[in-house]
Every structure is written in C-alpha cells, then in structure tokens.
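Residue numbers (this note's numbering): 3 to 243. The beta-carbon is built from N, C-alpha and C at its ideal position, and this holds for glycine as well. Please read all numbers here as calculations on a predicted model, not as lab measurements. The block underneath contains the structure these notes are about, expressed in structure tokens.
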C-alpha cells in the first residue's frame, strides 16, 4: 500500500483538467525516460513566472508535471491551428498562444493578467528551441522578455534548466529510457532600489546567470552523461541518440 497516495482531483474544472494531464504526462514520459527533478518542486503561493531553456517540444509536459501547482504555458501559435491540439492546449492544459518573431501584445497582456491573478505562468524566453551557441547555455544573450513580464506583473521569477528531453527525438532512445533532468533554481525578485530599466536589465542578467549555474551544477554531477548535452532534433535523428 502506498503510504503517500496522490491527492484527489481538485474541484475546480480547470484545475481538475490540469491534474489529469499531469498524471497522464508522468505516466507516459515516465515510461519513456528516467526523469528527475533537481531542486525544489513545491512552488510558493502567489504569482510566479517560470523561465526555462527550451531544447525540445517535450519540455512543457515534462516540466509542468514536476510541480505541485498548476502551470499555465505560453505556447507557439502554430500549435493551436489544429482543432485537436487547440482543444488539448486550451481546454485541458489552459495554455495560451504567442506569435513568434514579433511582439505579441495579446500574449503579453494575457500572461500579465494571469500572473496578477496569482497564477503560475511558464515561458521560454529564448524565443524557440535553442541549442549550442544559439542558446544562453552556449553563450548567447538572453532576450529580456521574462524580466519584462516579471516587472509588468510584479511577479518573482523561478529559473529552470532542462537537459536530456531532446533525446526523445531519436526513436532508438525510447527503448533506452534516457535520463532527463529538470533543474530548479532559487526564486528571483526584481530589485526595488533601482530605476525600472536598470532593475529589468539586472533581473535579466540574474536569470541568465542562474541558468548557467544550474547547467554547470548538473554537468558536474557524477551521473551526468555527455549524451545529455542539448542537441537539435536533426542531430538526434541522424545519430540515433
């Protein structure tokens, strides 16, 4: 008998949909990979902006299911064009779309609205899938979107780094159950002793530094495998790893 049974589904329909999605994601991805969260999974109450790197299309369901609170994802607009995926993303996961390559004021307003309502919103501020020198982990600058949202909503930021999820692009890895790590940092807050532009820039720099520190700590673990270094889907398909 499990001494710590999972909590029952919430009464709120939106929360209940998310609860079932998380259970499904933990079951599906847990059968395909050995997923480990490194760092706290109990999120503080109140508004919270999760800012993570982005290396695969599997990142949202893997990371979202690691926490104790419902997480609202800002997802790429093309994913909402099919009726079935739109129903899944909006109806079950409560995600909302953002257009890539241009400022999307509607998505910004929606993210701020949800944060001001005390919800958890997750964004990938690099603007898409990034590996190698195109990623902050590889030395690229971090776009200021997450810091800007945090400032507009008055919300703290939780930096996260995921490694290994891109291995699931290679079908051969589905039989190997590769390691996937979700690194969680310390909550970062906007400094109130600086003028707004400098405070936003300083927070953005701390988010990038937190990512790099998490990445370094994860790579320094004795059970880290170099195959977990972020790679593109095309590289995974080609090498089968």
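Problem - Beta-carbon gap between residue 184 and residue 71 smaller than 8 Å - result: Taking 8 Å as the Cβ cut-off, residue 184 and residue 71 do not qualify as a contacting pair.
Problem - Bounding residues of the alpha helix (DSSP H) (the contiguous stretch that carries residue 211) - result: Per DSSP, residue 211 belongs to the alpha helix (DSSP H) from 198 to 221.
Handout entry: Status (buried if at least 16 other CB within 10 Å, exposed otherwise) for residue 223
Key = Residue 223 comes out exposed.
Practice task
Note the first and the last residue of the continuous alpha helix (DSSP H) segment covering residue 183.
Solution key: From DSSP, residue 183 is part of no alpha helix (DSSP H) but of the beta strand (DSSP E) over 181 to 186.
Exercise for the section: Whole angstroms is fine: what's the gap from residue 208's alpha carbon to residue 44's? Expected result: Their backbone Cα atoms lie some 21 Å apart in a straight line.
Problem - Whole-angstrom distance between residue 133 and residue 36, CA atom to CA atom - result: Residue 36 and residue 133: Cα-Cα distance of roughly 21 Å.
Practice task
Using the Cα positions of residue 4 and residue 164, report the straight-line distance between them to the nearest angstrom.
Solution key: Confidence at residue 4 is low in this model, with a pLDDT of 39, below 50, so the placement of that residue is unreliable and no value is reported for it.
Handout entry: Cross-strand partners of residue 29 (DSSP beta bridge)
Key = Paired residue(s): none; residue 29 is not in a bridge.
Exercise for the section: Name the one or two DSSP bridge partners that residue 76 has. Expected result: Answer is 98.
Handout entry: Inter-residue spacing [alpha-carbon to alpha-carbon] between residue 227 and residue 126
Key = Spanning the two alpha carbons is a distance of roughly 24 Å.
Practice task
Would you be able to state if there are at least three C-beta pairs under 8 Å between the stretch 152 to 163 and the stretch 85 to 104?
Solution key: Too few Cβ pairs lie closer than 8 Å, so no.
Problem - Start-to-end residues for the beta strand (DSSP E) that takes in residue 36 - result: Segment 36 to 40, the beta strand (DSSP E) holding residue 36.
Problem - Under 8 Å between C-beta atoms of residue 49 and residue 117 - result: Yes, the Cβ-Cβ distance between residue 49 and residue 117 is below 8 Å.
Exercise for the section: Return the chain-ordered list of same chain residues with a C-beta closer than 7 Å to the C-beta of residue 157, the five sequence neighbours on each side being excluded. Expected result: So the list reads 49, 50, 51, 117, once near-sequence residues are dropped.
Handout entry: Exposure of residue 121, with buried meaning 16 or more beta-carbon neighbours within 10 Å
Key = Looking at its Cβ environment, which holds 16 or more other Cβ atoms inside 10 Å, residue 121 is buried.
Handout entry: Whole-angstrom C-beta distance between residue 179 and residue 96, which should lie under 8 Å
Key = A Cβ-Cβ distance of about 29 Å is found for the pair residue 96 and residue 179, leaving them out of contact under the 8 Å criterion.
Handout entry: alpha helix (DSSP H) segments (min. 4 residues) lying fully within the stretch 109 to 158
Key = Counting whole runs of 4 or more residues, the stretch 109 to 158 contains the alpha helix (DSSP H) stretches 147 to 155.
Exercise for the section: Would you tell me roughly how many angstroms separate the C-alpha atoms of residue 87 and residue 197, rounded to the nearest one? Expected result: Those two C-alpha atoms are separated by around 42 Å.
Exercise for the section: Put residue 3 into one of helix, strand or coil per three-state DSSP. Expected result: Reliability fails at residue 3, whose pLDDT of 40 lies under 50, so the model's placement of it is uncertain and the value that follows must be treated cautiously. Here residue 3 sits in coil by DSSP.
Practice task
Decide if residue 30 is buried, meaning its Cβ has at least 16 other Cβ atoms within 10 Å, or exposed.
Solution key: Its Cβ having fewer than 16 others within 10 Å, residue 30 is exposed.
Practice task
Sort out for me which residues DSSP pairs residue 52 with in a bridge.
Solution key: Answer by DSSP bridge pairing, in chain order: 124, 160.
Exercise for the section: Return yes when the Cβ of residue 242 is within less than 8 Å of the Cβ of residue 174, no when it is not. Expected result: Contact flag set, yes.
Handout entry: Where residue 90 falls: helix, strand or coil (DSSP)
Key = Looking at residue 90 - three-state DSSP - the assignment turns out to be helix.
Practice task
Using only alpha-carbon positions, find the residue among 39, 54, 74, 55 that is nearest to residue 23.
Solution key: With distances taken between Cα atoms, residue 23 lies closest to 74.
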